[in-house]
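**Student:**
Residue numbers (my numbering), protein chains in the order written: chain B, 8 to 119; chain A, 143 to 256.
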């Protein structure tokens, strides 16, 4: 499976934007970039996914580099509820089946 | 909106006993995934089913088995339990298992083996 690299931890202040980076230099042309997050003692939660173009939804935005070797998850206004572990996952049914492979995500701390 | 339902939420078993975990996917979802998350670890993929057939297999011990039934619910059967099996077990469901679909996770079953 293509590997992703994320910082172990990041810190933000409430109501400020947060940019969570992810490097995936070995990404293949058919890999989708998914982001999930896991709040303490809860199951992972889908955030957003994309292939080539930037994506927006009610939770976040996903900015994908032109060469697709990196991406950034953007939380426009962090809240205390956004404190979680954020996972950047590459998903390609042909090479990794239907599974989501969780690596070492980024622990986001939001300060009041 | 209906979510993925897992039961039981908590389970305590002794070593060498068996356990059955149940997962009820979101209505109309045809794909179910099982994950194991040990203390301080990231979720590890165990197995998945699409339309009642096994679609993918990860690091699931031979002591574990799973199936998806005609109503799309799934059960994870765990035998000869070991202390190391103590973990959170998550089930997720999706509509199709393709790479461009999102998976919805349940709240998990916390299994403690004593």
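Just so it is clear, CB atoms sit at the ideal spot from N, CA and C, and this is done for glycine as well. On a predicted model such as this, the values are computed, not experimentally measured, just so you know.
Taking Cβ-Cβ distances shorter than 7 angstroms, what residues in chain B pair up with residue 185/A?
**Tutor:** The count along the second chain starts at 1 and reaches residue 185/A at position 43. Neighbours of residue 185/A on chain B, chain order: 51, 109.
**Student:** Should residue 256/A go down as buried or exposed, given a rule of 16 or more other Cβ atoms within 10 Å for buried?
**Tutor:** On the second chain, residue 256/A is found 114 positions in, with the first residue counted as 1. Counting Cβ neighbours within 10 Å, residue 256/A comes out exposed, since fewer than 16 surround it.
**Student:** Using a Cβ-Cβ distance cut-off of 8 angstroms, determine whether residue 190/A contacts chain B.
**Tutor:** Numbered from 1 along the second chain, position 48 holds the residue referred to as residue 190/A. It does; some Cβ of chain B falls within 8 angstroms.
**Student:** By the three-class DSSP mapping on this structure, what secondary structure does residue 198/A have?
**Tutor:** In the second chain, counting from the first residue as 1, residue 198/A sits at position 56. In this structure, residue 198/A counts as strand in the three-state DSSP scheme.
**Student:** Report the option in 224/A, 231/A, 241/A whose CA atom is closest to the CA atom of residue 160/A.
**Tutor:** By 1-based counting over the second chain, the position of residue 160/A is 18. Selected option, being the one with the closest Cα: 224/A.
**Student:** Would you kindly report the start and end of the unbroken beta strand (DSSP E) that includes residue 92/B?
**Tutor:** Looking up residue 92/B in the first chain gives position 85. Per DSSP, residue 92/B belongs to the beta strand (DSSP E) from 91-98.
**Student:** Is the shortest distance between the beta-carbon of residue 89/B and the beta-carbons of chain A less than 8 angstroms?
**Tutor:** If you number the first chain from 1, residue 89/B lands on position 82. Not an interface residue.
**Student:** Just how far apart, CA to CA, sit residue 208/A and residue 24/B?
**Tutor:** Taking the second chain and counting its residues from 1, the one referred to as residue 208/A is at position 66. Taking the first chain and counting its residues from 1, the one referred to as residue 24/B is at position 17. If I take the Cα positions, the gap works out to 42 angstroms.
**Student:** At a cut of 8 angstroms, does the segment 146-164 of chain A reach the segment 52-72 of chain B through at least three beta carbon pairs?
**Tutor:** Short answer: they don't touch.
**Student:** When burial is assigned at 16 or more other CB atoms within 10 Å of the CB, is residue 246/A buried or exposed?
**Tutor:** Position 104 of the second chain holds residue 246/A. Buried is the call here.
**Student:** Taking residue 90/B as the reference, which of 79/B, 117/B, 109/B has the closest Cα?
**Tutor:** Here residue 90/B is taken as the residue at index 83 of the first chain, counted from 1. Cα-wise, what sits closest to residue 90/B is 117/B.
**Student:** Between the segment 164-177 of chain A and the segment 208-217 of chain A, are three or more C-beta pairs nearer than 8 angstroms?
**Tutor:** Flag = yes, the segment 164-177 of chain A and the segment 208-217 of chain A touch.
**Student:** Report yes if the C-beta distance between residue 242/A and residue 31/B is below 8 angstroms; otherwise report no.
**Tutor:** Translated into positions along the second chain, residue 242/A becomes position 100. Translated into positions along the first chain, residue 31/B becomes position 24. It is not a contact, given that the beta carbons lie outside the stated cut-off.
**Student:** Check the Cβ of residue 39/B against every Cβ in chain A and list those closer than 8 angstroms, keeping chain order.
**Tutor:** Taking the first chain and counting its residues from 1, one reaches residue 39/B at position 32. 241, 242, listed in chain order.
**Student:** Does DSSP put residue 88/B in a helix, in a strand, or in coil?
**Tutor:** As a first step, residue 88/B is located in the first chain; it is residue number 81 there, counting from the start. Helix, per DSSP.
**Student:** Going by the CB atoms, is the gap between residue 79/B and residue 26/B shorter than 8 angstroms?
**Tutor:** One-based indexing of the first chain puts residue 26/B at position 19. One-based indexing of the first chain puts residue 79/B at position 72. Yes, Cβ-Cβ distance for residue 26/B and residue 79/B is below 8 angstroms.
**Student:** To the nearest angstrom, how far is the alpha carbon of residue 201/A from that of residue 240/A?
**Tutor:** Stepping through the second chain from its first residue, residue 201/A is reached at position 59. Stepping through the second chain from its first residue, residue 240/A is reached at position 98. Near 20 angstroms, if we compare the C-alpha coordinates of residue 240/A and residue 201/A.
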